[in-house]
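Numbering (the UniProt record's numbering), first residue to last: 1 to 478.
Don't be surprised by glycine CBs; every beta carbon is placed ideally from N, CA and C.
Remarks on the structure that follows.
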Amino acid sequence: MTRSLARAHIGAKQLVALLGEWEVGDAVYSALAARIALLLDDGRIATYTRLPAERELADALGRSRTTVVAAYRALRDSGHLISVRGSGSVAVLPTSPTATSGTEVDFARAVPPPVPGLSDVLSRAGDAATTILAHPGFDLVGERHLREQIAERYCALGAPTSAEQIMITVGAQHAIALVSRTVLRHRDNVVVEAPTYPHAYEAVLTAGGRLASTPVSNLGWDGEHLVSIVTRMRPQLAYLIPDFHNPTGATMPEAVRERVLDAARRSGTLLLVDETTADLDIDRPSAPPSFACLAGRHSAGTVVSVGSLSKTIWGGLRIGWVRADPVLLSRLVGARPAGDLGTSVLDQTVAADVLSNYDGFLAHRRALLRDRRDLLTDLLRTQLPDWDIPVVRGGLSLWVGLRAPISSALAQAAQRRGVRITAGTKFGTDGTHERFIRVPFTGDPDRIRRGVGILRDTWDSLLPLAGAAAHHRLPPTL
Numbered sequence: 001m002t003r004s005l006a007r008a009h010i011g012a013k014q015l016v017a018l019l020g021e022w023e024v025g026d027a028v029y030s031a032l033a034a035r036i037a038l039l040l041d042d043g044r045i046a047t048y049t050r051l052p053a054e055r056e057l058a059d060a061l062g063r064s065r066t067t068v069v070a071a072y073r074a075l076r077d078s079g080h081l082i083s084v085r086g087s088g089s090v091a092v093l094p095t096s097p098t099a100t101s102g103t104e105v106d107f108a109r110a111v112p113p114p115v116p117g118l119s120d121v122l123s124r125a126g127d128a129a130t131t132i133l134a135h136p137g138f139d140l141v142g143e144r145h146l147r148e149q150i151a152e153r154y155c156a157l158g159a160p161t162s163a164e165q166i167m168i169t170v171g172a173q174h175a176i177a178l179v180s181r182t183v184l185r186h187r188d189n190v191v192v193e194a195p196t197y198p199h200a201y202e203a204v205l206t207a208g209g210r211l212a213s214t215p216v217s218n219l220g221w222d223g224e225h226l227v228s229i230v231t232r233m234r235p236q237l238a239y240l241i242p243d244f245h246n247p248t249g250a251t252m253p254e255a256v257r258e259r260v261l262d263a264a265r266r267s268g269t270l271l272l273v274d275e276t277t278a279d280l281d282i283d284r285p286s287a288p289p290s291f292a293c294l295a296g297r298h299s300a301g302t303v304v305s306v307g308s309l310s311k312t313i314w315g316g317l318r319i320g321w322v323r324a325d326p327v328l329l330s331r332l333v334g335a336r337p338a339g340d341l342g343t344s345v346l347d348q349t350v351a352a353d354v355l356s357n358y359d360g361f362l363a364h365r366r367a368l369l370r371d372r373r374d375l376l377t378d379l380l381r382t383q384l385p386d387w388d389i390p391v392v393r394g395g396l397s398l399w400v401g402l403r404a405p406i407s408s409a410l411a412q413a414a415q416r417r418g419v420r421i422t423a424g425t426k427f428g429t430d431g432t433h434e435r436f437i438r439v440p441f442t443g444d445p446d447r448i449r450r451g452v453g454i455l456r457d458t459w460d461s462l463l464p465l466a467g468a469a470a471h472h473r474l475p476p477t478l
């Protein structure tokens, strides 16, 4: 029975909030079905979630029940929904892939290849197996030598740091989740950027936080709004990506950082600063000081920094870290066993070797990203002149403006042609950013070329929809 398959339920109001700007084109039921399918495909609706009853959703949308019935029928036909009379409708993933096997271009993940020379580092780690195996294997804080190396890098950047302020984690996402569940109580206010890295706000929601957003564009932050919301709301936590922001690529100016830091200190807000992209500097004229540097000793307890090696070295090297005040760090150590018992000693050995030549590895990474950024930018400007292509000085992707709210339709149509790409709505907390799409420049050049060609053909097929949607009136942002 379908009811036995359901592991969760989403209410009509919650689903409407996730849908965002979905009403484009003439076939309303088709647009509704496509948006629900997208929410399921990219994980914003979990599989085996029971959807609202047809009449309940129709009332919440202000649409006829006939529209919802037709949308649910389309979802059943596409394999996204299982319905049994009297038992509800449960969301599932289709059993067969929608893209042609072997020809898929992945623009959904901003994942660069491993840096040259990493295989030699892994070989040296294997040679050290006897030493590694002498370790008990459980370490909540991390190897001291590695923590000292990371602390030294902070010191070199003007933020005095000791090993006692560093915890090694299983990547930056683990660090974000650990900090969130340690410092947040149920329904604590948390400020996040909009758009932002989606798995970060998911971690905040899982920890019980209540989100409030502050806008970021390719041009940067609305400093007045960010300072105002921190001052007025006095949130427990504010999650920020100040360097080569994901997904916009923007860098927060020093003056804005200083104002935000001052507002956070006065409001008792902890700034959770994500620095995973900070070292991906391609050609930025100058780098503003980090929040950790600006905080110094007087506001050290206001800033928690997280970083990792996944973007600079390799995604499979699951090494991240937290830099925090020793008092908070001890709380993180105490909270950690509920989720895991430590970071792989083998990975830490590899990371320590990498950091001994980190600047050399970074030079390779930056050169690769420069070439691929330039390639992607040129291709998009040439083949898709109607799009707004930003200039980015670092990071991993372009936040491209479509001039029409059809990001979700584009993502789904492109997937049918063999390109996986993430709709802009994935990066918002409320279904917004339908006029944008993130395009990473981390892939192989041939795949970038092929992917842009498919996006061009897909866009051409959607031009009638884009023309109609360009005049679609947006709802007010509250």
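### Message
Which runs of the alpha helix (DSSP H) at least 4 residues long sit entirely within the segment 248-306? Give them in chain order.
### Response
If you keep only unbroken alpha helix (DSSP H) runs of at least 4 residues inside the segment 248-306, you get 254-267 and 291-295.
### Task
Under 6 angstroms Cβ to Cβ from G443, same chain only, skipping five residues before and after it: list those, please.
Taking G443 as the centre and dropping the five residues before and after it, the same chain places no C-beta closer than 6 angstroms to its C-beta.
### Task
Give the DSSP-derived three-state secondary structure of L309 in the structure shown.
In the structure shown, the three-state DSSP call for L309 is coil.
### Message
With a threshold of 6 angstroms on Cβ separation, who are the neighbours of D460 within its own chain once the five nearest residues in sequence on each side are excluded?
### Response
So the list is empty, once near-sequence residues are dropped.
### Query
In terms of residue numbering, what span does the beta strand (DSSP E) encompassing F436 cover?
Counted as a single uninterrupted DSSP element, the beta strand (DSSP E) harbouring F436 occupies residues F436 to P440.
### Task
For R450, collect the residues of the same chain with a Cβ closer than 6 angstroms to its Cβ; drop the 5 residues on either side in sequence, then sort them by chain order.
Excluding positions up to five away in sequence, the list reads V105.
#### Entry: R373 beta carbon less than 8 angstroms from that of F436
Cβ distance not < 8 angstroms, so F436 and R373 don't count as in contact.
### For R420, the residue or residues it bridges with in DSSP
Per DSSP, D106.
#### Entry: Residue(s) in a DSSP beta bridge with W399
The partner list for W399 (beta bridge, DSSP) reads R438.
### Query
Where in the UniProt domain "HTH gntR-type" (26-94) do unbroken runs of the beta strand (DSSP E), each at least 3 residues long, occur, reported from the N-terminal end onward?
Runs found: 49-51, 81-84 and 88-91.
### Query
Looking only at C-alpha atoms, which of V345, I389 and A367 sits nearest to A134?
Looking from the CA of A134, the closest CA among V345, I389 and A367 belongs to V345.
### Message
Quick check: the Cα distance between A159 and D262, rounded to an integer number of angstroms?
### Response
Each residue's Cα considered, the two are about 17 angstroms apart.
### Query
Should S101 be labelled buried (16 or more other beta-carbon atoms within 10 Å of its own) or exposed?
For S101, the pLDDT reaches just 45, beneath the cut-off of 50, and the residue's location in the model is therefore unreliable, although a value from the coordinates is still provided. When all chains shown are included, S101 counts as exposed.
### Query
In terms of DSSP beta bridges, what is residue 531 paired with?
Only positions 1 to 478 of the chain appear in this structure, which leaves residue 531 out of reach.
### Task
Give me the Cα-Cα distance between A108 and G453, rounded to the nearest whole angstrom.
Spanning the two alpha carbons is a distance of roughly 16 angstroms.
### Message
For S267, which residues in the same chain have their Cβ closer than 7 angstroms to its Cβ, ignoring the five residues on either side in sequence?
### Response
Contacts found: V230, T231 and R234.
### Message
Using C-beta distances below 8 angstroms, list every residue in its chain close to L462, excluding the 5 sequence neighbours before and after it, in chain order.
### Response
The residues are I406, A409, L410 and A413.
### Task
Report yes if the C-beta distance between Y239 and D274 is below 8 angstroms; otherwise report no.
Cβ atoms of Y239 and D274: closer than 8 angstroms.
### Query
Is it buried or exposed for G249, if we count other Cβ within 10 angstroms and need 16 for buried?
Label assigned to G249: buried.
### Query
Which word fits G43, buried or exposed, when buried means at least 16 other C-beta atoms lie within 10 angstroms of its C-beta?
Flag for G43 reads exposed.
#### Entry: Reduced DSSP secondary structure (H/G/I, E/B, other) of A324
The answer is coil: DSSP assigns A324 none of H, G, I, E or B.
### Message
If I measure Cβ to Cβ from H472 and keep anything under 8 angstroms in the same chain, skipping five residues before and after, which residues do I get?
### Response
With a pLDDT of only 48 at H472, under the threshold of 50, the placement of this residue in the model should not be trusted, and no figure is reported.
### Task
Indicate whether the contact test is met: 3 or more Cβ pairs, each with one atom in the segment 391-405 and one in the segment 176-189, closer than 8 angstroms.
As far as the Cβ criterion goes, the segment 391-405 does not touch the segment 176-189, which means the pair count is below three.
### Beta carbon proximity, A34 to chain B, threshold 8 angstroms
In summary, chain B is missing from the structure at hand, where a single protein chain is found.
### Message
Check whether the segment 192-208 and the segment 420-432 are in contact - that is, three or more C-beta pairs closer than 8 angstroms.
### Response
Counting Cβ pairs under 8 angstroms, three or more are found: they touch.
### Query
Short check: CB of R370 to CB of I282, under 8 angstroms?
In terms of Cβ geometry, R370 and I282 form a close pair [threshold 8 angstroms].
### Query
Mind checking whether A60 and A12 have CB atoms under 8 angstroms apart?
Against a cut-off of 8 angstroms, the Cβ pair of A12 and A60 comes out as a contact.
### Query
How many Å lie between L271 and L19 at the Cα?
Rounded to the nearest whole angstrom, the CA to CA distance from L271 to L19 is 30 angstroms.
### Query
With distances taken between CB atoms, is the gap from A163 to R147 smaller than 8 angstroms?
Yes; because the gap between Cβ atoms is below 8 angstroms, this pair is in contact.
### Task
Taking V141 as part of the alpha helix (DSSP H), name the residues at either end of that continuous run.
V141: not part of any alpha helix (DSSP H); DSSP gives it neither H nor E.
#### Entry: Stretch pair the segment 314-326 + the segment 169-187: three plus CB contacts closer than 8 angstroms
Result yes; three or more Cβ-Cβ pairs closer than 8 angstroms.
### Message
Please list the terminal residues of the continuous alpha helix (DSSP H) segment that includes Y358.
### Response
Note, Y358: alpha helix (DSSP H), Y358 to Q383.
### Task
State yes or no: is the C-beta of H80 within less than 8 angstroms of the C-beta of L40?
Contact flag set, yes.
### Message
Taking its Cβ as the centre, do 16 or more other Cβ atoms sit within 10 Å of S228, making it buried, or is it exposed?
### Response
Exposed: under 16 other Cβ atoms inside 10 Å.
### Task
Reducing DSSP to helix, strand and coil, say where Y197 ends up.
Three-state result, Y197: coil.
### Task
Kindly indicate which residue of R185, D139 and L219 has the alpha-carbon position closest to the one of L211.
Checked all of R185, D139 and L219; the closest Cα to L211 is R185.
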